[in-house]
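Taking it in order: structure first as structure tokens, then the write-up.
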Ligand code: GLU
């Protein structure tokens, strides 16, 4: 299935830190793409990370976007209102034997000799090998995440491709990620599962987001195939770097939109210069090409 509907983009921040210039740029790219096509620009708050998500940061996101003069269409979608949909998708994969419970801690995974992948360590598969009885017993008392059995899932699907409007057609290589987590010990769904379901639910296309999520799209494409979801187009835009040349992080106060606002900067003027690729002093583009295989 491919999404052929009208253009609908989204900005999907997680309320776990202050928005910075990189977020302003991401929001701008999604917003301008939709406006240029006479489409819609939606706002989604990715607030299912119960440990780090904070309500006051949601208010701060609204304030930052208002300051920039970016207007979104329709109601804001909160991921915390979508837990039943995430559960239903996980149940479906469970019934097909495509996910398994994982009891490992981060340190156990590192100690098991896991190799680095596109997004942290590739899970070595320890819990995939557990017998049914041990699974049942441990599930009753131990916290667990749910992992996708990647080899099995990948074998169930035909070769998959996805389309980036700048980088062109990509052969999906979710296998590089290994058995990704779909539901976390401390959160009802992982980023991969929630974002894929929500982009389909909101009929987003193209998904406009930063190049740091380029590889993640391989996993999202596989989930679309497994769950029978529409396949959007993608546009992975360049990223902004701080004075150290590294991608801006939420911890960097200097580039925080709230700091700029408090320093008396004009939001719409800042947005207009970003639109023309004029970056403020100390900010540059992250130098990275697509690292897709
Ligand atoms: N919530 C993610 C973030 O704040 C963005 C997700 C996406 O655009 O797919 O980094």
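Numbering (the working numbering), first residue to last: 290 to 582.
Ideal placement from N, C-alpha and C gives every residue a C-beta, glycine not left out.
Since the structure is predicted, the reported quantities are computational estimates derived from the model, not experimental observations.
Complete runs of the alpha helix (DSSP H) confined to the region 431–471 [at least 4 residues]: Positions of the alpha helix (DSSP H) runs, each at least 4 residues long and wholly inside the region 431–471, are given as 439–445 in order along the chain.
Of the residues 424, 442, 464, the one placed nearest residue 432, counting alpha carbons only: Looking at the Cα atoms, 424 is the closest of the given residues.
8 Å CB neighbourhood of residue 564 in its chain, flanking five on each side removed: Answer for residue 564: 317, 321, listed in chain order.
Element boundaries [beta strand (DSSP E), containing residue 525]: For residue 525, the enclosing beta strand (DSSP E) starts and ends at 523–526.
Sequence-distant residues of its chain with Cβ nearer than 8 Å to residue 363 (five each side left out): Counting only Cβ-Cβ distances below 8 Å, and skipping sequence neighbours, we find 329, 331.
For residue 301, three-class secondary structure by DSSP: DSSP places residue 301 in coil when its eight states are reduced to three.
Nearest residue (CA-CA) to residue 477, options 426, 337, 307: Comparing alpha carbon positions, the residue from 426, 337, 307 closest to residue 477 is 337.
Which of helix, strand or coil DSSP assigns to residue 426: It is helical.
Local conformation of residue 350 per DSSP, three classes: Residue 350 falls in the helix class under three-state DSSP.
Which of helix, strand or coil DSSP assigns to residue 334: Note: residue 334 maps to strand in three-state DSSP.
Pocket of ligand 1 defined by Cβ to heavy atom distance under 6 Å: The answer, residue by residue, is 301, 302, 303, 335, 484, 498, 502.
Endpoints, beta strand (DSSP E) assigned at residue 606: No answer is possible for residue 606: it lies beyond the span of the chain, which begins at 290 and ends at 582.
Counted within 10 angstroms of its Cβ, other Cβ atoms place residue 301 as buried (16 or more) or exposed: When all chains shown are included, residue 301 counts as buried.
Beta-bridge pairing of residue 393 - partner residues as DSSP gives them: Note: residue 393 sits in no beta bridge, so no partner.
For residue 576, the three-state DSSP class (helix, strand or coil): DSSP places residue 576 in coil when its eight states are reduced to three.
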